[in-house]
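Residues in the sequence shown are numbered consecutively from 32, following the working numbering. First comes the structure, then the notes that go with it.
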Amino acid sequence: MKTIVAVDKNWGIGKDNALLVHIPGDLKYFKEQTLGKVLIMGRKTLESLPGGKALPGRTTVVMSSDENYEAEAKEGGRVLVANNFDHLMTILLTLEFSEGIDIDEDVIVAGGENIYNIFLPYCTEFLVTKIDGEYEADKHFEDLDELVSAGVMKLVWESETQTENGISYKFTKYTR
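This is how it looks when you write it as structure tokens:
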């Protein structure tokens, strides 16, 4: 499994159920990396998307403890709801056998904080947009640089720094 996330210098990822900053280049990167894939996200993350619907061109598996929760997808998208970790893994295995998805390559964890924490031990690749700034955040991601220092992770790639709307950022890839 992979993870995709945008973080500030303090590994903050969000505030009040929204991204810290709007960076069109990061949204484009997210689309490029996730199109045709299976996304895992929590209910609050889904509801923070435009229209509160799953994105087109992807299968989105939403985790919600509410057994009656119903989610919608935009045209061209598909959404499935899992009520717990075991249910989600059953869905992924079903997709693997029925549609040939590769859980290691085709499944991407997309937030929020609780979902990242649940799936961190199962992910082997982390696509991290590092934003050069500090923002007020109430949700955070694990500091992967600390895990690199501990020898648990490797930073294997980083892009040139880009600047949009006065915000500098770069794309990075970590592996376990």
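Ideal Cβ positions, reconstructed from N, Cα and C, are used throughout, including at glycine. Here the structure is a predicted model, which means the values were calculated and not measured.
Can you tell me which of the three DSSP states residue i falls into?
i	result
Ile-162	strand
Thr-194	strand
Lys-33	strand
Phe-128	helix
Arg-89	coil
Leu-80	coil
Lys-75	helix
Met-94	strand
Phe-157	strand
Leu-51	coil
Would residue i count as contacting chain C if we go by Cβ distances under 8 Å?
i	result
Thr-90	No chain C appears in the structure shown, which is made up of a single protein chain.
What first and last residue would you give for the beta strand (DSSP E) that runs through residue i?
i	result
Ser-199	198–206
Ile-132	Counting along the chain, Ile-132 falls outside any beta strand (DSSP E), and DSSP gives it neither H nor E.
Lys-62	Careful: Lys-62 lies outside any beta strand (DSSP E), inside the alpha helix (DSSP H) at 55–65.
Leu-151	Where Leu-151 is concerned, there is no enclosing beta strand (DSSP E), given that its DSSP letter is neither H nor E.
Gly-45	43–46
Ala-104	From DSSP, Ala-104 is part of no beta strand (DSSP E); its letter is neither H nor E.
Give me, in chain order, the residues of the same chain whose beta-carbon lies closer than 6 Å to that of residue i; leave out the 5 immediate sequence neighbours on both sides.
i	result
Lys-84	Glu-103, Ala-104, Lys-105
Going by beta carbon distance, what residues of the same chain come within less than 8 Å of residue i, once the five residues before and after it are set aside?
i	result
Glu-173	Trp-42, Tyr-147, Asn-148, Leu-151
Please determine whether the Cβ atom of residue i lies at a distance below 7 Å from any heavy atom of the ligand MN.
i	result
Lys-59	The model on display carries no ligand, and the ligand MN is accordingly not part of it.
Starting from residue i and walking both ways along the alpha helix (DSSP H), at which residues does that stretch end?
i	result
Leu-178	175–180
Glu-214	Nothing can be reported for residue 214: it is not among the residues displayed for the chain, which extend from 32 to 207.
Would you grab the beta carbon distance between residue i and residue j for me? Rounded to a whole angstrom, and I think it's under 8 Å.
i	j	result
Asn-114	Glu-130	That pair is no contact at about 21 Å.
Leu-111	Thr-90	7 Å
Val-159	Val-38	6 Å
With a CB to CB cut of under 7 Å and the five nearest residues on each side skipped, what residues in its chain are close to residue i?
i	result
Ile-198	Val-52, Ile-54, Ile-162, Gly-164
Glu-167	Lys-46
>> Below 8 Å, how does it come out for the region 139–154 and the region 74–82: are there three or more Cβ pairs, yes or no?
In response: Contact between the region 139–154 and the region 74–82 is present, because at least three Cβ pairs lie under 8 Å.
Practice problem: Assess, as a yes-or-no matter, whether the region 50–68 is touched by the region 119–127 under the definition of 3 or more beta carbon pairs within less than 8 Å. | Solution: Pairwise C-beta distances place the region 119–127 out of contact with the region 50–68, as fewer than three of them are shorter than 8 Å.
Do the region 132–141 and the region 61–68 meet, that is, are 3 or more Cβ pairs less than 8 Å apart?
-> With the cut-off at 8 Å, the region 132–141 and the region 61–68 touch.
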